[in-house]
Amino acid sequence: MYNEELGFSAPIRWGMVGGGRGSQIGYIHRSSARRDNVFNLVAGAFDINFERGKEFGKSLGIAEDRLYPNYKEMFEAESKRADGIQAVSIATPNSTHYEISKAALEAGLHVICEKPLTFTSVEAKELEELATKNNRVFGVTYGYTGAQMIHQARKMVENGDLGEIRVINMQFAHGFHSEEVELNDPGTKWRVSTAVAGPTYVLGDIGTHAFFLSELIVPQLKIDRLLCSRQSFIKSRAPLEDNAVVLLEYDNGAVGNLWASAVNAGGMHQQKIRVVGSKASIEWWDEHPNQLKYEIQGEPARILDRGMGYLYEDDHVNCDRIGGGHAEGLFESWANLYVRFATAMHAYDANEQDKVKDLIYPSVKDGVEGVKFIEKCVESADNGSVWVKY
Ligand SMILES: NC(=O)c1ccc[n+]([C@@H]2O[C@H](COP(=O)([O-])OP(=O)(O)OC[C@H]3O[C@@H](n4cnc5c(N)ncnc54)[C@H](O)[C@@H]3O)[C@@H](O)[C@H]2O)c1
55 MYNEELGFSA PIRWGMVGGG RGSQIGYIHR SSARRDNVFN LVAGAFDINF
105 ERGKEFGKSL GIAEDRLYPN YKEMFEAESK RADGIQAVSI ATPNSTHYEI
155 SKAALEAGLH VICEKPLTFT SVEAKELEEL ATKNNRVFGV TYGYTGAQMI
205 HQARKMVENG DLGEIRVINM QFAHGFHSEE VELNDPGTKW RVSTAVAGPT
255 YVLGDIGTHA FFLSELIVPQ LKIDRLLCSR QSFIKSRAPL EDNAVVLLEY
305 DNGAVGNLWA SAVNAGGMHQ QKIRVVGSKA SIEWWDEHPN QLKYEIQGEP
355 ARILDRGMGY LYEDDHVNCD RIGGGHAEGL FESWANLYVR FATAMHAYDA
405 NEQDKVKDLI YPSVKDGVEG VKFIEKCVES ADNGSVWVKY
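The sequence shown maps to residues 55 to 444 in our numbering.
Take a look at the structure:
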């Protein structure tokens with residue numbers, strides 16, 4: 055059970071870049087980081103527009119002298135304070151992640167950054183190396199990977215409940231951009247611009263979420279090669295895709311497929327993963343995050359529920375905030391991630407990295423893998439949807 059008694063010496067002094075008023079993802083960072091009093095938001099460069107960001111920061115109760123026009127001034131000024139920030143979350147559009155994360159690591163901060171981590175895997179790798187060199191924690195917010203039933207799925211695969219893994223079926227396919235909504239929606243407009251979003255739209259924006267679920271649940275599978283086909287059904291989005299399908303072959307003979315789409319008309323989020331083994335299958339769907347479907351060949355299907363005694367005994371599975379039957383969801387999953395980020399940060403600061411070696415949270419390494427996945431998909435799709443070695 056997670057609650058506010060986590061035993062940390064003090065909340066981590068924390069700042070944010072981006073995530074300002076009206077942003078899609080800023081609030082969930084703040085509410086998750088502060089859920090268990092593990093982070094204390096004391097500084098920010100929340101907005102590309104300083105005045106708006108300052109007004110917003112003041113409305114959150116942050117002292118005016120710690121509201122900055124940009125991240126550079128924030129890192130510099132905070133590093134001179136005895137009570138300066140120890141960690142920063144970066145919730146800005148994709149094109150800025152690399153430079154802001156790099157500057158944060160160079161300023162000695164722990165970093166939590168949005169996905170897709172960078173435009174290229176070379177940049178992502180550079181961040182990974184810098185985080186290692188500077189002994190800093192670097193988390194990436196693949197939001198649902200703090201959800202208990204995802205970790206139950208991981209344990210089931212690890213313990214052989216499914217038998218040998220044969221097929222992984224992944225998707226994140228919503229319908230919210232079935233029309234050209236970017237004409238009136240700035241949050242979608244940057245997502246279909248190569249300059250701001252990077253080399254892909256849906257593959258990086260949502261495909262990487264589904265991809266990381268598979269990496270977390272079935273970490274032993276290594277991709278051998280993949281083939282991707284991507285489309286811009288709204289023509290003005292080209293070369294960025296609003297729909298993509300990917301076929302994957304793993305080195306043990308297993309196969310996978312991933313569908314990422316923003317034009318799945320009528321679809322809500324439809325983020326799902328099904329893992330098929332030689333004895334049984336499991337399936338998780340983000341619209342019912344408290345449940346995991348467990349189907350053993352020849353037996354009636356079962357629905358496993360969060361918070362129940364029949365689940366695996368594991369810190370990542372048993373981190374409920376309330377007993378089974380009540381709903382937990384995206385916000386609790388994110389809060390679980392933020393608790394783990396804080397746990398890792400305290401351990402690193404005390405030079406006790408060994409204590410957190412079994413702690414599972416999406417790290418910079420997973421961010422690097424996400425960027426590599428995107429790169430390989432583009433390489434395949436833009437060469438006529440051919441198989442490419444991973
Ligand atoms: N993890 C998730 O589930 C999830 C969900 C949505 C978005 N995201 C990611 O979060 C990031 C932000 O997405 P969003 O939808 O919130 O975008 P958004 O356009 O809604 O908001 C971006 C915010 O960043 C601010 N900003 C832009 N450039 C800045 C800069 N240089 N310095 C300071 N502030 C700056 C803007 O003013 C705005 O407040 C993207 O990388 C996106 O892929 C992740």
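Where a beta carbon is used, it is the ideal one built from N, C-alpha and C, also for glycine.
Does the beta carbon of P240 fall short of 7 angstroms from some heavy atom of ligand 1?
Indexing the sequence shown from 1 puts residue 240 at position 186. If you check the C-beta of P240 against ligand 1, you find a heavy atom less than 7 angstroms away.
Report the residue from G74, Q274 and E180 whose alpha carbon sits nearest the alpha carbon of N124.
As a working mapping, residue 124 is identified with position 70 in the sequence shown. Checked all of G74, Q274 and E180; the closest Cα to N124 is G74.
Buried or exposed, going by whether 16 or more other CB atoms sit within 10 Å of the CB of P293?
Counting from 1 along the sequence shown, the entry for residue 293 is found at position 239. With a 10 Å radius around the Cβ and a threshold of 16 neighbouring Cβ atoms, P293 comes out exposed.
Can you have a look at H205 and say buried or exposed, based on whether 16 or more other CB atoms are within 10 angstroms of its CB?
Here residue 205 refers to the residue found at position 151 when the sequence shown is read from its first residue. In summary, H205 is buried, with 16 or more beta-carbon neighbours lying within 10 Å of its beta-carbon over all protein chains present.
Would you check whether ligand 1 has a heavy atom nearer than 7 angstroms to the C-beta of D259?
Your numbering for residue 259 matches position 205 in the sequence shown. Under cutoff, so the answer is yes.
What are the boundary residues of the alpha helix (DSSP H) that includes H205?
The count along the sequence shown starts at 1 and reaches residue 205 at position 151. Run containing H205: Q202 to E212, per the alpha helix (DSSP H) assignment.
Using the Cα positions of Y392 and A178, report the straight-line distance between them to the nearest angstrom.
Position 338 of the sequence shown, counted from the start, is the residue given in the question as residue 392. Position 124 of the sequence shown, counted from the start, is the residue given in the question as residue 178. Answer to the nearest angstrom: the Cα atoms are 21 angstroms apart.
Using a Cβ-based criterion (distance less than 7 angstroms to any ligand heavy atom), does N91 qualify as near ligand 1?
What you label residue 91 is simply residue 37 of the sequence shown in a count that begins at 1. Result no, Cβ not under 7 angstroms from ligand 1.
Should D101 be listed as close to ligand 1, given that the test is whether its C-beta is under 7 angstroms from any heavy atom?
The residue given as residue 101 occupies position 47 in the sequence shown. Because some heavy atom of ligand 1 lies under 7 angstroms away, the Cβ of D101 counts as near it: yes.
Return yes when the Cβ of I327 is within less than 8 angstroms of the Cβ of W313, no when it is not.
Your numbering for residue 313 matches position 259 in the sequence shown. Your numbering for residue 327 matches position 273 in the sequence shown. No, the Cβ-Cβ distance between W313 and I327 is not below 8 angstroms.
Just the Cα atoms here: how many angstroms apart are Q351 and I260?
Walking along the sequence shown from the start, residue 351 turns up at place 297. Walking along the sequence shown from the start, residue 260 turns up at place 206. Taken atom to atom, the span from the alpha-carbon of Q351 to that of I260 is near 31 angstroms.
What does DSSP give as the partner residues of H263 in its beta bridges?
Taking the first residue of the sequence shown as position 1, residue 263 is located at position 209. Looking at the DSSP assignment, H263 forms no beta bridge with any residue, so it has no partner.
Where does G69 sit, in a helix, a strand or coil, going by DSSP?
Position 15 of the sequence shown, counted from the start, is the residue given in the question as residue 69. If DSSP states are grouped into helix, strand and coil, G69 belongs with the strands.
If you follow the beta strand (DSSP E) that K224 is part of, which residue opens it and which one closes it?
Locating residue 224 in the sequence shown gives position 170, counting from the first residue. Per the sequence presented here, residue 224 reads as Met, with Lys not at that position. In this chain, the beta strand (DSSP E) harbouring M224 covers I219 to A227.
First and last residue of the uninterrupted beta strand (DSSP E) at E183
Here residue 183 corresponds to residue number 129 of the sequence shown, with the count starting at 1. For E183, there is no enclosing beta strand (DSSP E); the enclosing alpha helix (DSSP H) covers residues S175 to K187.
Quick one: what does DSSP say V371 is sitting in, helix, strand or coil?
Position 317 of the sequence shown, counted from the first residue, corresponds to residue 371. Coil at V371, not helix or strand.
So the candidates are A381, E182, R106 and M362; which of them puts its Cα closest to the Cα of V418?
For the purposes of this step, residue 418 is taken as the residue at position 364 of the sequence shown. Considering only alpha carbons, the answer is E182.
Extent of the continuous beta strand (DSSP E) to which F104 belongs:
Residue 104 sits at position 50 when you count from the first residue of the sequence shown. Per DSSP, F104 belongs to no beta strand (DSSP E); it is in the alpha helix (DSSP H), F104 to S113.
Taking all protein chains shown into account, decide if L114 is buried (16 or more other Cβ within 10 angstroms of its Cβ) or exposed.
Here residue 114 refers to the residue found at position 60 when the sequence shown is read from its first residue. Under this definition L114 is an exposed residue.
If I'm right that I139 touches G69 with Cβ under 8 angstroms, what's the distance once you round it to whole angstroms?
The sequence position of residue 139 within the sequence shown is 85, counting from 1. The sequence position of residue 69 within the sequence shown is 15, counting from 1. Right, their Cβ atoms sit about 4 angstroms apart.
I'd like the list of long-range same chain contacts for G377, defined as Cβ closer than 6 angstroms, with 5 residues on each side in sequence excluded.
Along the sequence shown, one-based indexing puts residue 377 at 323. So the list reads G361, once near-sequence residues are dropped.
Closer than 7 angstroms: is that where the CB of A145 sits relative to any heavy atom of ligand 1?
As a position in the sequence shown, residue 145 is number 91, starting the count at 1. For ligand 1, at least one heavy atom lies less than 7 angstroms from the Cβ of A145.
Return yes when the Cβ of A398 is within less than 8 angstroms of the Cβ of L413, no when it is not.
Position 359 of the sequence shown, counted from the first residue, corresponds to residue 413. Position 344 of the sequence shown, counted from the first residue, corresponds to residue 398. Judged by their CB atoms, L413 and A398 are nearer to each other than the 8 angstroms cut-off.
Which of helix, strand or coil DSSP assigns to L257:
Translated into the one-based positions of the sequence shown, residue 257 becomes position 203. Helix, per DSSP.
At least 3 beta-carbon pairs within less than 8 angstroms: the stretch 186-198 vs the stretch 245-254
Verdict: no, contact absent.
By the 10 Å Cβ neighbour count, where 16 or more other Cβ atoms means buried, how is E429 classified, buried or exposed?
Residue numbering aside, residue 429 sits at position 375 when the sequence shown is read from its first letter. With 16 or more other Cβ atoms within 10 Å, it is buried.
Proximity test, Q325 beta-carbon vs ligand 3 heavy atom, cut-off 7 angstroms:
Annotation note on ligand 3: not contained in the displayed structure, which lists ligand 1 as its ligands.
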